Amino acid sequence: MNLGRGLCCIFAYLLILLISSSNSIKAQRLPDPIANLPISWANNRSIDYSVNFTDGSTVRSILANPFFGPFFGCGFYCNGNCDNFLFAVFILGTVDNPITSPQVVWSANRNNPVRENATLQLTPEGDLILQDVDATLVWSTNTAGKSVAGLNMTQTGNLVLFDINNRTVWQSFDHPTDSLLLGQKLVEGQRLTPSVSELNWTDQGGLFSLFVTASHGLIASIGSNPPQVYYNPANWGPKQSKEASYAKFLNGSLALFILSAEPKWPDDEITVPPASSSQVMKFGSDGHLRIYDWTEEEVDWKEVADLLTGDIGECEYPMVCGNYGICSKGECSCPEAKYFRPILERQPNLGCSQVTPLSCGASQNHILLELKDITYFSFTSDLTLTDMETCKQACLNNCSCKAALFQYGDNSSSGSCFLPSQLFSLMEKTQYNSSAFLKVQISPIAQTPTSKASPTPSPSGKKKGWSAVILGSSLGAFFGVFLIISICVVLLRKKRDIEEDEDDYLDELPWMPTRFSFKDLKAATEDFSRKLGQGGFGSVFKGTLSNGTKVAVKRFEDLQLHVAEAMEVMKVAAWCLQSNFNKRPSMSVVEKVLEGVMDVEPNLDYSFTTLPPPQMTTKTHKEAVLGVSAPILPSVLSGPR
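Take the sequence shown: its letters are residues -27 to -1, 1 to 614, numbered as in mature numbering (1 follows the signal peptide of the UniProt record, and there is no 0).
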């Protein structure tokens, strides 16, 4: 019996303790909303309103302004391991329904948190200063000597230093961090910059920024050199107001006063769902601008709008798929696996890394990898009225360039070129007049890149490469010509007598082309005045024979030619002597081959079978043999030009 009574007493005691614990926030006396100078607070448990929340955060509020909705307070805040504290403005919930986690909407020292027993002091001179436990100055309003009378935590969440006439000397609304409250402005010259994460309050270091300008309105950008803009819906006209441009968070909209100012209507606005009780606009670490609404039912904050996504879509956020990641319908992937790999296979949104990092010291091994149907969220013209090849070459010649992005209108030969020094997420977009080329590093022993990649010349690599080519080509050509001449001399000595005997009967051979005297060729070409082009062994001239036949005449000008040129001319001659007349080239094709524009057709028939040439008399034969020039074509001519 006594045991049962004891257990009942213990149960009742635990129940009372649980109830008192759940109402600890309501049980503690809330601080006043106003404090007059001079006054100071120490960051320790001596602060009357000190609450530990269920999410692991701790609030030590020095001022609070409770009313019918979620109310604001200011003081020291920590989350998780409470070795570091912020001096911050936060939302504590309602008097009847305390929230499970406070919402920080402003902080003075997020890049330099303080420790236990740090002090906040409103000095007799009117300066509000934050000092760490070792008396190091961490932050100050710099308002000494400005007749400050006290500090006020307003119902709108604005922390204000006021003077003896109740005029505002300093206010937190003029120094936004990553949030805006209802009625707060983001004025030209101010920026919203997100923290790294909810547990790491440190400013991202300018990675994302949201700001207003008179010429472009509301802008969201990501930090690089120069910054890359991912939200900029419109350009604006001439300024109509002397007041600085600003965006103002109202109940139902984010009003943009770019050219004008209140009390006029805003120049533009972004619609926001009306607030049920209290709202916060927060610029997140992912670059999104979201609206959070306080819900009495859930006693917590709920996301009700993502303001920029309606205009730009999910894939146009710079870090949606990390560096070098490609966003397609909300899915992330990496470019060609030969050059890129995901940072973490199971989290493709973290981005991609290069298999071989770019090195300016080995820029001769840089190539450009073409990405089909891929574009970029930002475009700033580094080159205008240019073509794609010039754009690509400009990137290859600039070591800091990470990609060549080319956009054009109706004509792909004239467009704009963007050469970013830092590359973030890319996105898939078909039917778009743009081309993307990523700079990648290849191994020095790698094979020749595919058609997707462009070779990468560099100034130093070019000089060394060309020097080696010229030296090797010169030595090879010299020894090759020397060897061929030596062989020819030996053969000529052995066959000199035989060739002299056969030369008198050349015309009797049915497969030989018709020969002409130099005089006849000179007359046919009008003294070699109608030049068609320049090729191996000399120039080619247009001629007309006495019977009206059109011919091309090659005049030898230098017999000491490169062997390759001689072989090329022999191939042209063989081409013109094909037994199948349909395969014989036209004169325009012959001209292009001799000029080096085209190559000789492969797989030629070297039987040289032609129609029987017309019979020649002994006299005509001798005159032709004595000539020093000869037409390239046989008696049956190639096709017309």
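Ideal Cβ positions, reconstructed from N, Cα and C, are used throughout, including at glycine.
Keep in mind it's a predicted model, so treat the numbers as computed, not measured.
query	result
Close beta carbons around residue 317, own chain, < 6 Å, minus the five adjacent residues each side	323
Beta strand (DSSP E) segments (min. 3 residues) lying fully within the stretch 168 to 246	181 to 186, 190 to 195, 201 to 204, 219 to 223, 226 to 230 and 241 to 244
Close beta carbons around residue 37, own chain, < 6 Å, minus the five adjacent residues each side	3, 4 and 46
Closest by C-alpha distance to residue 416, when choosing among 494, 332 and 364	332
Chain-order list of residues whose beta-carbon lies under 7 Å from that of residue 145 (same chain, five-residue window excluded)	62, 79, 131 and 132
Reduced DSSP secondary structure (H/G/I, E/B, other) of residue 92	strand
Of the residues 363, 296, 9 and 354, the one placed nearest residue 122, counting alpha carbons only	9
Short Cβ contact (9 Å threshold) for residue 402 with residue 368	no
Cβ distance (whole Å) where residue 314 is taken to contact residue 301 below 8 Å	Incorrect: roughly 18 Å between the Cβ atoms, too far for contact.
Rounded C-alpha distance that separates residue 57 from residue 51	6 Å
N-terminal and C-terminal residue of the alpha helix (DSSP H) that residue 285 is part of	282 to 285
Span of the alpha helix (DSSP H) around residue 366	361 to 369
Cross-strand partners of residue 154 (DSSP beta bridge)	253
Minimum C-alpha distance to residue 76 - residue among 162, 172 and 183	172
For residue 437, the three-state DSSP class (helix, strand or coil)	Residue placement at residue 437 is flagged as unreliable, the pLDDT there being 48, under the threshold of 50; a coordinate-derived value is accordingly withheld.
Distance between residue 255 and residue 204 (C-alpha atoms, nearest Å)	16 Å
DSSP three-state assignment for residue 552, whether helix, strand or coil	coil
Selection from 492, 308, 178 and 370 that minimises the alpha carbon distance to residue 345	308
DSSP three-state assignment for residue 45, whether helix, strand or coil	strand
Distance, residue 400 Cα to residue 290 Cα	10 Å
Three-state class that DSSP yields for residue 491 in the structure shown	helix
Which listed residue (549, 556 and 577) has its alpha carbon closest to that of residue 567	549
Three or more C-beta pairs below 8 Å linking the stretch 111 to 121 and the stretch 180 to 198	no
Local Cβ density within 10 Å of residue 554, reported as buried at 16 or more and exposed below that	exposed
Three-pair Cβ contact test at 8 Å for the stretch 335 to 355 versus the stretch 268 to 282	no
Bridge partner(s) assigned by DSSP for residue 415	According to DSSP, residue 415 bridges with nothing at all.
Of the listed residues 234, 209 and 134, nearest to residue 160 (C-alpha basis)	234
Separation of residue 175 from residue 298, as counted between CA atoms	25 Å
Cα-Cα separation between residue 39 and residue 128, rounded to whole angstroms	7 Å
Residue 334 versus residue 414: straight-line alpha-carbon distance, rounded	11 Å
Counterpart residues of residue 32 in DSSP-defined beta bridges	24 and 50
Expected contact under 8 Å - CB spacing of residue 354 and residue 389 to nearest Å	4 Å
Cβ pair count under 8 Å reaching 3, the stretch 242 to 261 against the stretch 208 to 226	yes
Spatial neighbours of residue 193 in its chain, beta-carbon cut-off 8 Å, leaving aside the 5 residues before and after	181, 182, 183, 202, 203, 204, 205, 260, 262 and 281
Straight-line gap, residue 165 to residue 178 (C-alpha atoms, nearest Å)	12 Å
For residue 400, the three-state DSSP class (helix, strand or coil)	strand
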